Amino acid sequence: MPEALPIPLAQLTTLRVGAAPARMIDAPTREELIAALRDVWADPDEPWFVLGGGSNLLAGDEAFPGTVIRILTRGFEIVPGAPEGYVRVRVEAGQNWDELVAWSVAQGLSGIEAMSGIPGTVGAAPIQNVGAYGQEIVQTLVEVELIDEETGDVSTVPASELGLGPRTSVLKHHYGSVAPRSAVVLSLTLDLAHVGHEPRVVADPRLRSALALTPDQAASVSWIRETVLAIRASKGMVLDDADADTWSAGSFFNNPIVAESVARTLPETAPRWPLGRVDDGATVIPLAQWDGQLPPPQPVERTVKLSAAWLIENAGLPKGYALPRSRASLSTKHTLALTNRGGATAEEVAELARFVQSRVAAEFGIVLMPEPVLVGVQL
Numbered sequence: 001m002p003e004a005l006p007i008p009l010a011q012l013t014t015l016r017v018g019a020a021p022a023r024m025i026d027a028p029t030r031e032e033l034i035a036a037l038r039d040v041w042a043d044p045d046e047p048w049f050v051l052g053g054g055s056n057l058l059a060g061d062e063a064f065p066g067t068v069i070r071i072l073t074r075g076f077e078i079v080p081g082a083p084e085g086y087v088r089v090r091v092e093a094g095q096n097w098d099e100l101v102a103w104s105v106a107q108g109l110s111g112i113e114a115m116s117g118i119p120g121t122v123g124a125a126p127i128q129n130v131g132a133y134g135q136e137i138v139q140t141l142v143e144v145e146l147i148d149e150e151t152g153d154v155s156t157v158p159a160s161e162l163g164l165g166p167r168t169s170v171l172k173h174h175y176g177s178v179a180p181r182s183a184v185v186l187s188l189t190l191d192l193a194h195v196g197h198e199p200r201v202v203a204d205p206r207l208r209s210a211l212a213l214t215p216d217q218a219a220s221v222s223w224i225r226e227t228v229l230a231i232r233a234s235k236g237m238v239l240d241d242a243d244a245d246t247w248s249a250g251s252f253f254n255n256p257i258v259a260e261s262v263a264r265t266l267p268e269t270a271p272r273w274p275l276g277r278v279d280d281g282a283t284v285i286p287l288a289q290w291d292g293q294l295p296p297p298q299p300v301e302r303t304v305k306l307s308a309a310w311l312i313e314n315a316g317l318p319k320g321y322a323l324p325r326s327r328a329s330l331s332t333k334h335t336l337a338l339t340n341r342g343g344a345t346a347e348e349v350a351e352l353a354r355f356v357q358s359r360v361a362a363e364f365g366i367v368l369m370p371e372p373v374l375v376g377v378q379l
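So for the sequence shown, the UniProt record's numbering puts the first residue at 1; every next one is plus one.
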């Protein structure tokens with residue numbers, strides 16, 4: 001089990017902040033990853049976390065007092081069992097996500113092309129049900145291979161048992177809460193539709209809208225990938241060493257999901273997307289029970305997803321906003337990204353995040369929750 005010289009997490013995360021941990025282990029193979037985890041878990045008092053691409057992590061300025069295990073496993077293979085018209089692919093957790101997407105598009109496979117340009121590794125995808133422009137990992141995920149902290153056992157878990165929802169799963173450690181299941185992803189399996197390279201009509205209305213396609217307009221998987229990459233680049237969401245707007249953890253806050261009554265308090269211009277079941281208004285009463293009177297209608301409180309970016313901007317925080325003398329700022333391209341303008345500390349990023357939260361809460365009564373994993377940092 002190769003123990004490595006601890007590297008500052010500022011060198012391993014896209015936000016470019018974070019001190020070196022007390023201990024670091026590199027795990028380039030599945031066997032070494034399993035051995036490292038079991039070794040660390042043998043001491044119940046040993047703090048630990050695993051690190052993939054570092055694209056969804058805000059690490060603190062003080063040294064993490066435990067072990068960081070770097071998941072460096074790579075590779076993917078076609079495996080049997082796919083339904084007709086699909087290709088089943090098993091992928092190691094440490095595989096770079098966008099390299100997988102590029103390969104799938106080159107093979108004429110569909111299902112993850114709209115998630116082009118998302119930084120990080122494959123193992124993170126099911127943890128927060130990664131998605132973009134109408135595609136989510138839940139739509140293609142068959143199963144994941146997990147190792148559980150409690151037992152150290154390795155098991156294959158169907159996607160249906162992961163509680164996949166909007167940027168969440170039973171594996172996700174949300175800010176201020178503990179994941180329902182403490183486990184590490186070793187690999188995952190996807191079913192991707194074999195559609196070839198010719199243009200075809202895009203069925204998903206969200207993807208059509210994002211790409212400005214008409215309902216009957218055709219597009220190839222390669223065109224979709226190229227277009228998504230261009231859109232993401234225009235928002236500073238494709239990693240670029242020369243562009244400080246990409247020195248971020250992507251979208252820093254989750255789009256809040258609130259009761260419909262809360263959404264109604266916002267201005268009409270606030271973007272919103274109804275979720276859950278829509279009542280069709282029909283009431284069915286068996287004839288044997290009909291007394292000539294209709295029962296009073298029961299109120300149905302639906303949930304609504306809001307745009308965190310809209311809330312931030314309309315709380316008076318424009319693109320590029322920074323606190324005085326801070327080296328952290330909102331992206332100049334997209335208000336939902338908190339960026340390191342060069343030499344920022346984790347505390348400067350956290351201070352900006354807290355200020356954004358307070359402004360949105362004061363203006364709209366909604367508390368934004370962070371999307372990245374926070375280690376050694378409090379909001």
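Where a beta carbon is used, it is the ideal one built from N, C-alpha and C, also for glycine.
Bear in mind that the values here come from a model prediction, so they are computed numbers and not experimental data.
Query                                                                                                                         : Result
Presumed contact (8 Å Cβ cut-off) between Glu-371 and Arg-88, rounded CB distance                                             : Not really, about 30 Å apart at Cβ, beyond 8 Å.
Coil, strand or helix - Arg-88 by DSSP                                                                                        : strand
Beta-ladder partner(s) of Thr-29, from DSSP                                                                                   : For Thr-29, which the question treats as bridged, DSSP gives no partner whatsoever.
Nearest residue (CA-CA) to Glu-301, options Pro-324, Glu-260, Gln-289 and Pro-271                                             : Glu-260
Spatially closest choice to Gly-111 from Asp-243, Leu-186 and Ile-137, by CA coordinates                                      : Ile-137
Spatial neighbours of residue 380 in its chain, beta-carbon cut-off 7 Å, leaving aside the 5 residues before and after        : The question about residue 380 has no answer, for the chain in this structure spans 1 to 379.
Inter-residue Cα distance where the pair is Gly-85 and Ser-329                                                                : 46 Å
Distance CB(Leu-379)-CB(Ser-248) smaller than 8 Å                                                                             : no
Opening and closing residue of the beta strand (DSSP E) in which Val-373 lies                                                 : 373 to 375
Residue nearest to Arg-325 in terms of C-alpha spacing, selected from Gly-342, Leu-311 and Glu-313                            : Gly-342
8 Å Cβ cutoff met for Ala-114 and Gln-128                                                                                     : no
Contacting residues, own chain, Cβ-Cβ under 6 Å from Val-202 (five flanking each side not counted)                            : Arg-208, Leu-213 and Ala-219
Beta-carbon proximity list for Val-170, same chain, < 6 Å, skipping 5 on both sides                                           : Leu-162, Gly-163, Pro-180 and Arg-181
From Glu-198, Pro-21, Gly-316 and Thr-14, residue whose alpha carbon lies closest to that of Asp-243                          : Thr-14
Collapsed DSSP secondary structure at Gly-131 in the structure displayed                                                      : strand
Cβ neighbour criterion (16 or more within 10 Å) applied to Asp-43                                                             : exposed
Local conformation of Leu-5 per DSSP, three classes                                                                           : coil
Counted within 10 angstroms of its Cβ, other Cβ atoms place Glu-92 as buried (16 or more) or exposed                          : buried
Environment of Leu-5 [buried if 16+ CB atoms lie within 10 Å]                                                                 : exposed
Chain-order list of residues whose beta-carbon lies under 7 Å from that of Ile-118 (same chain, five-residue window excluded) : Trp-97, Asp-98, Val-130 and Ala-132
Range covered by the beta strand (DSSP E) that runs through Glu-347                                                           : Here Glu-347 belongs to no beta strand (DSSP E); instead the alpha helix (DSSP H) covers 346 to 364.
DSSP state of Met-369 mapped onto helix, strand, coil                                                                         : coil
Length of the line joining the Cα atoms of residue 401 and Pro-286                                                            : Nothing about residue 401 can be reported from this structure: the residues present for the chain run from 1 to 379 only.
Test item: CB-CB of Ala-36 and Ala-27 under 8 Å                                                                               : yes
Per-residue burial, Ser-358 [other beta carbons within 10 Å of its own, 16 or more giving buried]                             : exposed
Burial state of Gln-95, where buried means 16 or more other Cβ atoms lie within 10 Å                                          : buried
Contact set for Trp-223: own chain, Cβ-Cβ below 8 Å, skip 5 residues either direction                                         : Pro-199
Counted within 10 angstroms of its Cβ, other Cβ atoms place Thr-67 as buried (16 or more) or exposed                          : buried
Presumed contact (8 Å Cβ cut-off) between Gly-376 and Glu-62, rounded CB distance                                             : 6 Å
DSSP three-state assignment for Val-138, whether helix, strand or coil                                                        : helix
contact_flag[the region 100 to 109, the region 40 to 55] where n(CB pairs < 8 Å) is 3 or more                                 : no
Short Cβ contact (8 Å threshold) for Thr-269 with Ala-309                                                                     : no
N-terminal and C-terminal residue of the alpha helix (DSSP H) that Val-195 is part of                                         : Per DSSP, Val-195 belongs to no alpha helix (DSSP H) and is neither H nor E.
Contact belief for Thr-156 with Val-79 at Cβ below 8 Å, rounded distance in angstroms                                         : No, Thr-156 and Val-79 are not in contact; Cβ-Cβ is about 12 Å, not under 8 Å.
Chain-order list of residues whose beta-carbon lies under 7 Å from that of Pro-65 (same chain, five-residue window excluded)  : Ala-22 and Pro-47
Close-in-space but distant-in-sequence residues of the same chain around Val-144 (CB under 6 Å, 5 per side omitted)           : Pro-126, Val-157, Val-185 and Leu-188
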